[in-house]
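S.K.: This is the structure I have questions about; it appears just below.
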Amino acid sequence: MPNPTDRRYTREHEWVRVDDGVGTVGITDYAQDELGDIVYVEMPAPGASVKQSEKLGEIESVKAVSDLYAPISGEVVEVNQGVNDHPELLNESPYEKGWLVRLRLADATELDALLTAEQYDQLLAEAEAE
Amino acid sequence: MGGDLTADSSPRHRTPLYPEHIALGARMVPFAGWEMPLQYTGIVEEHHAVRRRAGLFDISHMGRLMVEGPDAAVFLRSLCTYDVTRIAVGEGHYALVCRDDGGILDDVYAFRPDAERFLVVVNAANAERIGEWARDHLPHGSRQAALLDCQAETAMLALQGPEAPSHLEALAPGVARGLAARHCAEAEIDGTPAFISRTGYTGEDGFEIVVPAADGPALWRRLVERSVQPCGLGARDTLRLEAALALYGNDIDESTNPFEAGLGWTVTLDDGAGFGGREALLRIQEAGVSRRLACLSALERGVMRAGCPLLHDGRPVGRLTSGGFSPTLGVSIGLGYLPAELTAPGTELAVDVRGRPLRAQVAPRPFYRRGRVGHPH
Chain A
1 MPNPTDRRYT
11 REHEWVRVDD
21 GVGTVGITDY
31 AQDELGDIVY
41 VEMPAPGASV
51 KQSEKLGEIE
61 SVKAVSDLYA
71 PISGEVVEVN
81 QGVNDHPELL
91 NESPYEKGWL
101 VRLRLADATE
111 LDALLTAEQY
121 DQLLAEAEAE
Chain B
1001 MGGDLTADSS
1011 PRHRTPLYPE
1021 HIALGARMVP
1031 FAGWEMPLQY
1041 TGIVEEHHAV
1051 RRRAGLFDIS
1061 HMGRLMVEGP
1071 DAAVFLRSLC
1081 TYDVTRIAVG
1091 EGHYALVCRD
1101 DGGILDDVYA
1111 FRPDAERFLV
1121 VVNAANAERI
1131 GEWARDHLPH
1141 GSRQAALLDC
1151 QAETAMLALQ
1161 GPEAPSHLEA
1171 LAPGVARGLA
1181 ARHCAEAEID
1191 GTPAFISRTG
1201 YTGEDGFEIV
1211 VPAADGPALW
1221 RRLVERSVQP
1231 CGLGARDTLR
1241 LEAALALYGN
1251 DIDESTNPFE
1261 AGLGWTVTLD
1271 DGAGFGGREA
1281 LLRIQEAGVS
1291 RRLACLSALE
1301 RGVMRAGCPL
1311 LHDGRPVGRL
1321 TSGGFSPTLG
1331 VSIGLGYLPA
1341 ELTAPGTELA
1351 VDVRGRPLRA
1361 QVAPRPFYRR
1371 GRVGHPH
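Respectively, the protein sequence lines represent chains A and B.
The numbering of the first sequence is this note's numbering, which starts it at 1 and goes up by one.
The numbering of the second sequence is this note's numbering, which starts it at 1001 and goes up by one.
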């Protein structure tokens, strides 16, 4: 699936889409494909504060566990219960139904450091070429 | 995301079925010096296909040694823990190859298609070493037992699942009906000579099939066209773990003996015949073992993995040798050596998973048995 242009990306394969000061965070299609079948997702509870690039949670797949990093700093306002109960949503719909957490942004300028969809596509193309 | 998501690029062998895996879009990984399919559509989907219908595995990377001649049985007996001379024609038996101190060098399957002919299937990682070990121990100057390595000229497939017999019936009519578990036969599949055994590494009914290398791809395609699910190493591991089958290099190795691994049933001592490790194993059997390989099942969310320390009342008592997620049971399961007194089913333990305790308990072996009432799915 093409990487949506309505959001920003990190080099670590997370995405964030901001609406009214709240960023919805998830992992990219590339990430879910590399991870394989996801079985558990560990996210912080609402109220927790995170800083950009810090560990946000863990994603456990059949093969291995991977750390999830916060694309932006903020306070957790919502966690996707659906993914908790049905982790396969993360594989099936990483950009829509498989969102992970919503953060109230601490600093919108942090988005400038993130990649656009085009830049993220480029990153993947370069990784493929290696 | 943390972790290296890129591929390793060391050189490796390819099986005769390699082009099939590529054509199916498999994700390939290095395994024991071979480039093997990890998964095609997904580990969980492939796992369920085997439990519910039928799956197909390329196991051409495994070693295949033919031992032939009037002394084949006696020679092979001297290599294995099991008295293979008592294997009847058309049968097979699981066995171990041990070194002098009783440590396990490999786990193998010995089949006897003819009175004076055995096919021994060995682990890919140990194929060279076991082949050399066998060659070194061949009776000197004797033409009474010959050893042939037939891996390179053959392909091997595993067809596993409740629907496996109906697929084999289509390929080789009448064969499945006449083949009991652990038995073997030679038959023709589409005019191709095939060796077929009713064995497997999944805990399901199924067959392992050896054909000439050049005929491997056609056989693979025939089964895939019948909608048998191609399955990779990922599903192979989740399936065997649910069946509590040992994986060499993880659950058994040179530092473990058959008795503590729960494999005493593969050791024949009452025939008095010599074999690698006999004296040591006799002593171990008499003395008893202080630790045993146990099945562990998680009591909460999280995945235990090989290497995780095991804790009882806060004290470290062992380490997991295999671990992962069980798609059929919906929880994490694992295998590990525990002090014998802690191996009763129901014993509660904690698994140290990245510094956090995961509550678990000793489970009866195996975790999954075909036909067990009440298991999910």
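Beta carbons are placed, not taken as given, at the ideal position from N, Cα and C, and that holds for glycine.
The structure displayed is predicted, hence computed values, not measured ones.
1) Straight-line CA distance for ARG1182 (chain B) to PRO1309 (chain B)?
2) Chain B partners of TYR40 (chain A), CB-CB under 7 Å?
3) Can you give the beta carbon distance from LEU1179 (chain B) to ILE1196 (chain B), rounded, assuming they're within the 8 Å contact cut?
4) How would you call ALA1244 (chain B), buried or exposed, if buried means at least 16 neighbouring beta carbons within 10 angstroms?
5) Classify ARG1012 (chain B) as helix, strand or coil using the three-state DSSP reduction.
6) Answer yes or no: does any C-beta atom of chain A fall closer than 8 Å to that of PHE1325 (chain B)?
7) Take THR1015 (chain B) and list the residues in its own chain whose beta-carbon comes closer than 7 Å to its own, dropping the five residues that flank it on each side.
8) DSSP three-state call for ALA1180 (chain B): helix, strand or coil?
9) List the residues of chain A whose Cβ lies closer than 7 Å to the Cβ of VAL1175 (chain B), in chain order.
10) When you check each C-beta in the stretch 1314–1342 of chain B against every C-beta of chain A, which residues fall closer than 7 Å?
11) Buried or exposed: MET1028 (chain B), going by 16 or more other Cβ atoms within 10 Å of its Cβ?
12) Of all the options B:GLY1232, B:THR1199, B:LEU1038, B:ALA1145, which has the alpha carbon lying nearest to the alpha carbon of GLY1055 (chain B)?
13) So, for GLU118 (chain A): in the same chain, excluding its five sequence neighbours on each side, which residues have a beta-carbon less than 6 Å away from its beta-carbon?
14) Check each residue of the stretch 39–62 of chain A: if its Cβ is closer than 9 Å to any Cβ of chain B, include it; give the result in chain order.
15) Quick check on SER1290 (chain B): buried or exposed, where buried means 16 or more other Cβ atoms within 10 Å of its Cβ?
16) Could you tell me which chain A residues have their CB closer than 8 Å to the CB of GLN1160 (chain B), listed as they occur along the chain?
17) Give me the DSSP bridge partner(s) of LYS55 (chain A).
18) Would you kindly work out how many angstroms separate the C-alpha atoms of GLY1216 (chain B) and PRO1019 (chain B), rounded to a whole number?
19) Reducing DSSP to helix, strand and coil, say where ARG1283 (chain B) ends up.
20) What is the DSSP secondary structure of PHE1259 (chain B), reduced to helix, strand or coil?
21) Can you confirm whether GLY36 (chain A), when its beta carbon is compared against all beta carbons of chain B, has any partner nearer than 8 Å?
22) Mind checking which residues open and close the beta strand (DSSP E) that includes LEU111 (chain A)?
23) Could you check whether the stretch 104–111 of chain A touches the stretch 79–89 of chain A, counting it as contact only if at least three pairs of C-beta atoms, one from each stretch, sit closer than 8 Å?
24) For the candidate residues B:HIS1093, B:LEU1358, B:HIS1047, B:LEU1338, whose alpha-carbon lies nearest to that of GLN1160 (chain B)?
25) Is there at least one Cβ from chain B nearer than 8 Å to VAL83 (chain A)'s Cβ?
26) From ALA108 (chain A) to GLY21 (chain A), what does the alpha carbon distance come to, in whole angstroms?
27) At least one CB of chain A closer than 8 Å to the CB of THR1006 (chain B): is that the case?
28) Please report the straight-line C-alpha distance between ILE1087 (chain B) and PHE1259 (chain B), rounded to a whole angstrom.
29) Return the residue from the list B:ALA1134, B:ALA1023, B:GLY1042, B:GLU1163 that minimises the CA-CA distance to VAL1074 (chain B).
30) Hey, which unbroken runs of the beta strand (DSSP E) at 3 residues or more fall wholly within the stretch 1170–1256 of chain B?
31) Could you please give me the residues that DSSP links to TRP1034 (chain B) through a beta bridge?
32) Please classify GLN81 (chain A) as buried or exposed, where buried requires at least 16 other C-beta atoms within 10 Å of its C-beta.
33) Going by beta carbon distance, what residues of the same chain come within less than 6 Å of LEU1005 (chain B), once the five residues before and after it are set aside?
34) Could you pull out every unbroken alpha helix (DSSP H) segment of at least 4 residues lying fully inside the stretch 1112–1175 of chain B, listed in chain order?
35) Exposed or buried, what is ILE1043 (chain B) when buried is set at 16 or more other beta-carbons lying within 10 Å of its beta-carbon?
36) Does any residue of chain A have a CB that is nearer than 8 Å to the CB of ILE1043 (chain B)?
M.R.: With the given structure in hand:
1) When rounded, the distance between both Cα atoms is 36 Å.
2) Neighbours of TYR40 (chain A) on chain B, chain order: ARG1301, GLY1302, VAL1303.
3) Contact between LEU1179 (chain B) and ILE1196 (chain B) is confirmed by a C-beta separation of about 7 Å, below the 8 Å threshold.
4) Answer is buried; the Cβ neighbour count reaches 16.
5) ARG1012 (chain B) falls in the coil class under three-state DSSP.
6) Closer than 8 Å to some Cβ of chain A, the Cβ of PHE1325 (chain B) qualifies, so yes.
7) Closer than 7 Å at Cβ, skipping near neighbours: TRP1034, ASP1058, SER1060, HIS1061, ALA1155.
8) DSSP places ALA1180 (chain B) in coil when its eight states are reduced to three.
9) At a C-beta separation below 7 Å, VAL1175 (chain B) has no neighbours in chain A, since its nearest C-beta there lies roughly 34 Å away.
10) Considering only beta carbons, the part of the stretch 1314–1342 of chain B lying closer than 7 Å to chain A consists of GLY1324, PHE1325, in chain order.
11) Taking a 10 Å sphere around the C-beta of MET1028 (chain B), we find 16 or more other C-beta atoms and assign the residue as buried.
12) Residue B:GLY1232 is the option with its Cα nearest to GLY1055 (chain B).
13) Result list for GLU118 (chain A): empty, nothing under 6 Å.
14) Listed in sequence order: VAL39, TYR40, GLU42, LYS55, GLU58, ILE59, GLU60, SER61, VAL62.
15) Its Cβ having fewer than 16 others within 10 Å, SER1290 (chain B) is exposed.
16) None at all; the shortest Cβ gap to chain A is about 18 Å.
17) Answer is A:TYR69, bridged to LYS55 (chain A).
18) If I take the Cα positions, the gap works out to 11 Å.
19) When secondary structure is reduced to three states using DSSP, ARG1283 (chain B) falls in the helix class.
20) PHE1259 (chain B) falls in the coil class under three-state DSSP.
21) Interface annotation, GLY36 (chain A): in contact with chain B, CB-CB separation under 8 Å.
22) In the DSSP assignment, LEU111 (chain A) falls outside any beta strand (DSSP E), carrying neither H nor E.
23) Counting Cβ pairs under 8 Å, fewer than three are found: no touch.
24) Nearest of B:HIS1093, B:LEU1358, B:HIS1047, B:LEU1338 to GLN1160 (chain B), Cα basis: B:HIS1047.
25) Output row for VAL83 (chain A): interface = no.
26) ALA108 (chain A) and GLY21 (chain A): Cα-Cα distance of roughly 8 Å.
27) The predicted position of THR1006 (chain B) is uncertain, since its pLDDT is 47 and thus under 50; a value taken from the coordinates is nonetheless stated next. Nearest CB-CB separation between THR1006 (chain B) and chain A: below the 8 Å threshold.
28) Taking the straight line from one Cα to the other gives about 22 Å.
29) When each option's Cα is compared against that of VAL1074 (chain B), the closest is B:ALA1134.
30) If you keep only unbroken beta strand (DSSP E) runs of at least 3 residues inside the stretch 1170–1256 of chain B, you get 1184–1189, 1192–1197, 1206–1212.
31) According to DSSP, TRP1034 (chain B) bridges with B:HIS1013, B:PHE1031.
32) Exposed: under 16 other Cβ atoms inside 10 Å.
33) Note that LEU1005 (chain B) has pLDDT 49, beneath the 50 cutoff, so the model's placement of it is unreliable and no number is given.
34) Fully enclosed alpha helix (DSSP H) runs of 4 or longer: 1127–1137, 1164–1171.
35) ILE1043 (chain B) counts as buried, since no fewer than 16 other beta carbons sit within 10 angstroms of its beta carbon.
36) It does: the Cβ of ILE1043 (chain B) has a partner Cβ on chain A nearer than 8 Å.
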